[in-house]
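*Asks:* Once you've had a glance at the structure underneath, I'll fire off some questions.
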Amino acid sequence: MYPFILKYKDREFIYIIPFVLISVHVRLRYFFYLLSSDRGLPQSEDSQWYIDYAYALMTNLKIGLHMNDLMYIGYNVLLTLLLALFHDPVTVVFIQAVAAGLGVILVYLIARMLFNRTTAILASFFYCYYSWGITLWSMYILSESFFINLLLLCVFFLLKYLQSKKRLYQVLFIVSSLYMLVFRPTGIVSLAFILIYVVINLHRDIIFNFVKKHRLSIGACFIAIAAACIYMFTSDTFRPLVDSMQFNAKKVLYNIYANGWIYDKATPHDHYFKPDYTINIMNSLILSFLINNWDHVLILYGKRAIAFLGKWVWETNVSSLRGILGLAEHLVPTMLFAVGTVAAIVNKIFRKTSIIWLLVLAVFIFCIVFFIDALYRYKAPAIPFIGIAVAYGADSMLRGLMFIAKKYAGKLLWKKKKYSL
Numbered sequence: 001m002y003p004f005i006l007k008y009k010d011r012e013f014i015y016i017i018p019f020v021l022i023s024v025h026v027r028l029r030y031f032f033y034l035l036s037s038d039r040g041l042p043q044s045e046d047s048q049w050y051i052d053y054a055y056a057l058m059t060n061l062k063i064g065l066h067m068n069d070l071m072y073i074g075y076n077v078l079l080t081l082l083l084a085l086f087h088d089p090v091t092v093v094f095i096q097a098v099a100a101g102l103g104v105i106l107v108y109l110i111a112r113m114l115f116n117r118t119t120a121i122l123a124s125f126f127y128c129y130y131s132w133g134i135t136l137w138s139m140y141i142l143s144e145s146f147f148i149n150l151l152l153l154c155v156f157f158l159l160k161y162l163q164s165k166k167r168l169y170q171v172l173f174i175v176s177s178l179y180m181l182v183f184r185p186t187g188i189v190s191l192a193f194i195l196i197y198v199v200i201n202l203h204r205d206i207i208f209n210f211v212k213k214h215r216l217s218i219g220a221c222f223i224a225i226a227a228a229c230i231y232m233f234t235s236d237t238f239r240p241l242v243d244s245m246q247f248n249a250k251k252v253l254y255n256i257y258a259n260g261w262i263y264d265k266a267t268p269h270d271h272y273f274k275p276d277y278t279i280n281i282m283n284s285l286i287l288s289f290l291i292n293n294w295d296h297v298l299i300l301y302g303k304r305a306i307a308f309l310g311k312w313v314w315e316t317n318v319s320s321l322r323g324i325l326g327l328a329e330h331l332v333p334t335m336l337f338a339v340g341t342v343a344a345i346v347n348k349i350f351r352k353t354s355i356i357w358l359l360v361l362a363v364f365i366f367c368i369v370f371f372i373d374a375l376y377r378y379k380a381p382a383i384p385f386i387g388i389a390v391a392y393g394a395d396s397m398l399r400g401l402m403f404i405a406k407k408y409a410g411k412l413l414w415k416k417k418k419y420s421l
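The sequence shown begins at 1 in UniProt numbering and counts up by one.
As structure tokens, then:
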């Protein structure tokens, strides 16, 4: 048995397989529990919209020019293909649950490449047992579940390319990045922060030489993008897209910002104020509202930043022992996240591993600028990366405690030998 352990102890699949079985079991157990219950699988207005749109796309084979048509085209087409193949939304949810379970493979491999095996094991454990948001949203016909896997896949391909320089991983990263751009709006923000990671991890000479070598192509791309944007905003062809984007911006400003909502509905913790609706800056409704109400907007952002930690920040009652223990339990992941951040900086690996924090920051900014929905649906893409950072914090604390224990144990042994009779 011992030679067998020595032979396979460095094989990653030995550690991955148990977590895959656990992770898939956790998701499918909840799936079959809901399926066998009286209420069945959960539904939402957004879920029904996606399903109706997919069936309409199958019938008409026509994609509209509204915001939800174009900015979710990646997910809409994927859902349409799945429903065309399996004819049943329940089967699609089953596939989502399995995919969410298999996501632990990518979590393990990403953590292993960036940190070490202990961090990878802890991150996989947290993904299996402490990622309720991923389990919950994999039960809905929504873009969140597949998007989380797509984001993890994109990061994995990037890290493999930077590690091996193989063209295959470069191509896969580019393809997954382009798909993420059109999968949902969060993909645009996420890709922007991934590109920041790429830039800060490349030497200046490499960037300069690349720009110098491909300056004509880069210039042509910028001109093409600028021309496309000008055409989009001036042509009647894309008028539905522009109008729908403006309409959604007004909804966010007047229904959420103006009411001082932290979430997508009213709560006792909101910041109520009398907004100034004057449009006096560059004839822009958005800029005018944000600048004229800047003090209240900053307070609202501050409350959302606190709310990003979880609903427990409002609901914890510290007047009882049970409440204090509950607060301590909720604060542990936050503390470990902070420890992991400091440890990465102290150990001089923050630059290499910064993609973890950058993607958490991308989701954080998205939630702060728009809103955090009451069920924390928009926070879900950050969960795997928060788990990896927390795992590294736990690993760093364990190593620190072991170092202290060994140090003082050595001193005690030295004193025992010195004074023994």
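Don't be surprised by glycine CBs; every beta carbon is placed ideally from N, CA and C.
(1) Between the C-alpha atoms of P268 and K213, what's the straight-line distance to the nearest angstrom?
(2) With distances taken Cα to Cα, identify the nearest neighbour of D264 among A97, R377, M67 and Q170.
(3) Going by the CB atoms, is the gap between I121 and A100 shorter than 8 Å?
(4) Using only the alpha-carbon positions, how far apart do L216 and I355 sit?
(5) What's the C-alpha gap between K311 and Y257?
(6) How would you call D395, buried or exposed, if buried means at least 16 neighbouring beta carbons within 10 angstroms?
(7) Count the other CB atoms, across all protein chains shown, that sit within 10 Å of the CB of F115; report buried if there are 16 or more and exposed otherwise.
(8) If you compare alpha carbons, which of I404, I388, Y408 and K407 is closest to R117?
(9) Under 8 Å between the Cβ atoms of I110 and C154?
(10) Where does Q48 land, buried or exposed, given buried means 16+ other C-beta within 10 angstroms?
(11) May I have the straight-line CA-CA distance separating Y129 from L21, to the nearest angstrom?
(12) Roughly how many whole angstroms lie between the Cα atoms of V199 and A343?
(13) Expressed to the nearest angstrom, what Euclidean distance is found between the alpha-carbon atoms of I306 and S190?
(14) Reducing DSSP to helix, strand and coil, say where R377 ends up.
(15) May I ask you to report which of helix, strand or coil DSSP gives Y33?
(16) Can you give me the C-alpha to C-alpha distance between I16 and L253, rounded to a whole angstrom?
(17) As a quick exercise: from V390, Y179, I368 and L285, pick the residue whose alpha carbon is nearest that of M335.
(18) Roughly how many angstroms lie between the CA atoms of V175 and F157, to the nearest whole one?
(19) So the candidates are E45, Q43, D276 and A84; which of them puts its Cα closest to the Cα of T59?
(20) For S138, which residues of its own chain have a beta-carbon under 7 Å away from its beta-carbon, when the five flanking residues on both sides are left out?
(21) What's the gap between the Cα of H25 and the Cα of I105?
(22) Taking only three categories from DSSP, how would you classify S23?
(23) State yes or no: is the C-beta of P333 within less than 8 Å of the C-beta of G103?
(24) Does the beta-carbon of M402 have 16 or more other beta-carbons within 10 angstroms, so that it is buried, or is it exposed?
(25) Which class does L421 belong to by DSSP, given the choice of helix, strand or coil?
(26) On a Cα-Cα basis, can you pick out the residue from T119, I141 and I148 that is closest to S131?
(27) Does the Cβ-Cβ distance between L327 and T316 come in under 8 Å?
(28) Roughly how many whole angstroms lie between the Cα atoms of S420 and K407?
(29) Quick one: measure Cβ to Cβ for A54 and N68, integer angstroms, because I've assumed they're closer than 8 Å.
(30) Below 8 Å between beta carbons: does that hold for I141 and V182?
(31) Any idea if L287 is buried or exposed, counting beta-carbon neighbours within 10 angstroms, 16 or more meaning buried?
(32) List the endpoints of the continuous alpha helix (DSSP H) containing N317.
(33) Less than 7 Å between C-beta atoms, sequence neighbours within five positions excluded: which residues of the same chain meet that for F366?
(34) Give me the Cα-Cα distance between residue 422 and F337, rounded to the nearest whole angstrom.
(35) Is it true that the CB of N209 sits closer than 8 Å to the CB of L162?
*Replies:* In short, the structure shows the following:
(1) 57 Å
(2) R377
(3) no
(4) 30 Å
(5) 19 Å
(6) buried
(7) buried
(8) I388
(9) no
(10) exposed
(11) 12 Å
(12) 23 Å
(13) 21 Å
(14) coil
(15) helix
(16) 45 Å
(17) V390
(18) 10 Å
(19) A84
(20) R27, Q96, A97, A100 and S145
(21) 14 Å
(22) helix
(23) no
(24) exposed
(25) Low local confidence applies: a pLDDT of 42 at L421 is under 50, so the model's placement there is unreliable, with the coordinate-based value given in what follows. Three-state DSSP puts L421 in coil, outside helix and strand.
(26) I148
(27) yes
(28) Residue placement at S420 is poorly supported in this model, since its pLDDT is 48, which falls under 50; the coordinates still yield a value, given next. Straight-line Cα distance between these residues: approximately 20 Å.
(29) Not a contact, Cβ separation roughly 12 Å.
(30) no
(31) exposed
(32) Run containing N317: none; DSSP gives neither H nor E here.
(33) T186, V189 and Y378
(34) Within the shown structure, residues of the chain are numbered from 1 to 421, placing residue 422 beyond reach of any answer.
(35) no
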